[in-house]
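Have a look at the structure below, then the notes.
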Amino acid sequence: MFNSENNYALIIGVGGDKIEYTVNDARMLQESLVDDKLIGYPKSNVIHRTEAEASRKGILEAFDELKEKTDEDSTILLYYSGHGGKYSDQHKFFLQPADMTADNIEETMITAEELREKINALPSNKLVLFLDCCHAEGMVQSGIKGLYGMAQKLNDEQGIWIMASCQDNEKSYGYGDHSFFTRALLDVLAGQHVRPFTDPEISMMDVVEYIFNEVPKMASNCEDEEGNAIVQTPYFKTQMSENLILSHFPQNAQEHEAIVAELEPNLEALDEDSFIKLIKSMEAVGRVEDAIEALNSNKRTKSDPDLMETLGDLYRNYYIKHRLQKEGQEALEIYKKAYELAVKTEDEEQIFTNAVKVAFMMAKLDLSKREMREYAATAISAADQYPYDSVPKFVTMAEASIFLGDLNASKKHYTTVDEKAGIRYKMKCFERAVLIYDTLYDTKNEKDPYILFLKDTLLS
Numbered sequence: 134m135f136n137s138e139n140n141y142a143l144i145i146g147v148g149g150d151k152i153e154y155t156v157n158d159a160r161m162l163q164e165s166l167v168d169d170k171l172i173g174y175p176k177s178n179v180i181h182r183t184e185a186e187a188s189r190k191g192i193l194e195a196f197d198e199l200k201e202k203t204d205e206d207s208t209i210l211l212y213y214s215g216h217g218g219k220y221s222d223q224h225k226f227f228l229q230p231a232d233m234t235a236d237n238i239e240e241t242m243i244t245a246e247e248l249r250e251k252i253n254a255l256p257s258n259k260l261v262l263f264l265d266c267c268h269a270e271g272m273v274q275s276g277i278k279g280l281y282g283m284a285q286k287l288n289d290e291q292g293i294w295i296m297a298s299c300q301d302n303e304k305s306y307g308y309g310d311h312s313f314f315t316r317a318l319l320d321v322l323a324g325q326h327v328r329p330f331t332d333p334e335i336s337m338m339d340v341v342e343y344i345f346n347e348v349p350k351m352a353s354n355c356e357d358e359e360g361n362a363i364v365q366t367p368y369f370k371t372q373m374s375e376n377l378i379l380s381h382f383p384q385n386a387q388e389h390e391a392i393v394a395e396l397e398p399n400l401e402a403l404d405e406d407s408f409i410k411l412i413k414s415m416e417a418v419g420r421v422e423d424a425i426e427a428l429n430s431n432k433r434t435k436s437d438p439d440l441m442e443t444l445g446d447l448y449r450n451y452y453i454k455h456r457l458q459k460e461g462q463e464a465l466e467i468y469k470k471a472y473e474l475a476v477k478t479e480d481e482e483q484i485f486t487n488a489v490k491v492a493f494m495m496a497k498l499d500l501s502k503r504e505m506r507e508y509a510a511t512a513i514s515a516a517d518q519y520p521y522d523s524v525p526k527f528v529t530m531a532e533a534s535i536f537l538g539d540l541n542a543s544k545k546h547y548t549t550v551d552e553k554a555g556i557r558y559k560m561k562c563f564e565r566a567v568l569i570y571d572t573l574y575d576t577k578n579e580k581d582p583y584i585l586f587l588k589d590t591l592l593s
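Numbers given in the working numbering equal positions in the sequence shown, counted from 1, plus 133.
See below:
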């Protein structure tokens, strides 16, 4: 169950000429955060600074207040909407507070270094930073660029998700009451990004995926001052593997419970679609063990490699979360059965997906490395012969290459995944790749070249 009592936020909307909507953006986000039907942060946990209060002094003091309120277990959301940029000849990145003028830039700007220092001073490492920044044109003779560079300067911090509204060579635009970026953020936090929306929670992955898809669409429907179609591409980077929950929808959870109540009594008579619907609803309400039991007791599971793989995934996820040897062994045996079924039924895709999952479980359970490599080699061979260039094909080849110790081949395939997959899928690929690599190589080096490659390729 989502608990917002230890969730905090600092919301800043600077305002100013031609970007009055930044104040409205900040106000609307604050309202969403404290809405009991959405995120439900306690009102006292949300610090709000707009217009004159968003001065240099006001912003820095707000960070100090946030530091005093939070602890190491807090989840912290930081949001800035306003001007931001850099001196192009000095590569000096900064935020522009409300009291900045053309005559006091040096005295009032908040540099990337100062922002990083304030973030580092916060006791928690579960942080989300949204930068919705536009140009401050004419502020200095050389012009001021967007906040892409500032986000890059900040992204080495551990435990932080960063989203900036545009790339370094772009502007951040708005229309009407909101910027494109914050409009998309508000929509996804309210569960308005999917119809029908049935999930009980909104995660950071949901937010990233929707903003990446929606902001460029919004921008392309508008024109800039010269009549050209607007191009705006959000920037994203994270150092976190935990997928933070940002919103919760108890009513949706109740709907999943209603589906379970309706379908579970007739479990044996359900057609495959209804059965899968039941399994997903059980997962959604936290009844993973019951979902496992339902799959185990269903006669079709024993002859269907897809259902068998689903059962293996449930056991694997349970094992990874609880580190129970029995569940890990169950996952391994089920993946082996799914692989054998796939071979028997000539299900080409299931052959390589289950072969690489067998290799994964053998590595995690510290079993025969030779047999692990054999399954990995089988996965690569089957995937290579698969005639369709699907994303799962290249993910399998990338993961199997790690098991075989061929990191260069793995990099090649992950580069292809980067080109073909959406951001949510790539984040999941990153989590699995790091898990595999750490299991085999036991690296303690945060600057390990392969880990850095994965971050740069799959998390950017």
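Ideal Cβ positions, reconstructed from N, Cα and C, are used throughout, including at glycine.
Whole-angstrom distance between residue 450 and residue 497, CA atom to CA atom | Counting from one through the sequence shown, the residue named residue 497 turns up at place 364. Counting from one through the sequence shown, the residue named residue 450 turns up at place 317. Cα-Cα distance, rounded: 12 Å.
What does residue 266 pair with, by DSSP beta-bridge criteria?
-> By one-based count along the sequence shown, residue 266 stands at place 133. Partner(s): 215.
Secondary structure of residue 567, DSSP reduced to three states = Here the question's residue 567 lines up with position 434 in the sequence shown. In this structure, residue 567 counts as helix in the three-state DSSP scheme.
Expected contact under 8 Å - CB spacing of residue 427 and residue 440 to nearest Å | Against the sequence shown, residue 427 aligns to sequence position 294. Against the sequence shown, residue 440 aligns to sequence position 307. Rounded, the Cβ-Cβ distance is 10 Å, inconsistent with contact.
Local Cβ density within 10 Å of residue 432, reported as buried at 16 or more and exposed below that = If you number the sequence shown from 1, residue 432 lands on position 299. Result: exposed.
Using DSSP with H/G/I as helix, E/B as strand and the rest coil, what is residue 276?
-> Along the sequence shown, read from residue 1 onward, the residue named residue 276 stands at position 143. At residue 276 the pLDDT is 30, less than 50, meaning the model places this residue with poor confidence and gives no usable figure here.
Just the Cα atoms here: how many angstroms apart are residue 576 and residue 536?
-> As a first step, residue 576 must be located in the sequence shown, where it is residue number 443. As a first step, residue 536 must be located in the sequence shown, where it is residue number 403. Between residue 576 and residue 536, the C-alpha separation is close to 15 Å.
Which of helix, strand or coil does DSSP assign to residue 115?
-> Residue coverage of the chain in this structure runs from 134 to 593, which leaves residue 115 outside it and unanswerable.
In chain order, what residues of the same chain lie with their CB nearer than 7 Å to the CB of residue 281, ignoring the 5 residues before and after it?
-> Against the sequence shown, residue 281 aligns to sequence position 148. Any reading at residue 281 needs caution, since the residue's pLDDT is 47, under 50, leaving its predicted position unreliable; the model's value is listed next. So the list reads 297, 299, 300, 301 and 368, once near-sequence residues are dropped.
Compare the Cα-Cα distances from residue 452 to each of 469, 438 and 493 and report the closest residue.
-> Along the sequence shown, read from residue 1 onward, the residue named residue 452 stands at position 319. For the residues 469, 438 and 493, the minimum Cα distance to residue 452 belongs to 493.
Are there 16 or more other CB atoms within 10 angstroms of the CB of residue 585, so buried, or fewer, so exposed?
-> For the purposes of this step, residue 585 is taken as the residue at position 452 of the sequence shown. Exposed is the call here.
If we call anything under 8 Å between Cβ atoms a contact, is residue 551 one with residue 561?
-> Here residue 551 refers to the residue found at position 418 of the sequence shown. Here residue 561 refers to the residue found at position 428 of the sequence shown. Not closer than 8 Å, so no.
Looking at residue 371 and residue 442, is the spacing between their C-beta atoms short of 8 Å?
-> Translated into positions along the sequence shown, residue 442 becomes position 309. Translated into positions along the sequence shown, residue 371 becomes position 238. No. Outside cutoff.
Between which two residues does the alpha helix (DSSP H) containing residue 334 stretch?
-> Locating residue 334 in the sequence shown gives position 201, where the first residue counts as 1. According to the DSSP assignment, residue 334 belongs to no alpha helix (DSSP H) but to the beta strand (DSSP E) extending over 334-336.
Which class does residue 341 belong to by DSSP, given the choice of helix, strand or coil?
-> On the sequence shown, position 208 is the one that residue 341 refers to. Assignment of residue 341 by DSSP, reduced to helix, strand and coil, places it in the helix class.
Does residue 377 have its Cβ less than 8 Å from a Cβ in chain C?
-> Structure shown: chain C not included; a single protein chain is present.
Going straight from the alpha carbon of residue 173 to that of residue 137, what length do you get?
-> Within the sequence shown, residue 173 is the residue found at index 40, counting from 1. Within the sequence shown, residue 137 is the residue found at index 4, counting from 1. Approximately 6 Å, taken between the alpha carbons.
Name the residue from 171, 153 and 166 whose alpha carbon lies nearest to the alpha carbon of residue 667.
-> Since the displayed the chain opens at 134 and closes at 593, residue 667 lies outside it and no answer follows.
Paired residues, beta bridge with residue 207 - DSSP = Here the question's residue 207 lines up with position 74 in the sequence shown. In DSSP, residue 207 forms no bridge with anything.
Counterpart residues of residue 356 in DSSP-defined beta bridges = By 1-based counting over the sequence shown, the position of residue 356 is 223. Residue 356 is bridged to 362.
Around the C-beta of residue 143, are 16 or more other C-beta atoms found within 10 angstroms, so that it is buried, or is it exposed?
-> Walking along the sequence shown from the start, residue 143 turns up at place 10. Its Cβ being crowded by 16 or more others within 10 Å, residue 143 is buried.
Can we say the region 451-466 touches the region 502-520, given the rule of at least three CB pairs closer than 8 Å?
-> no
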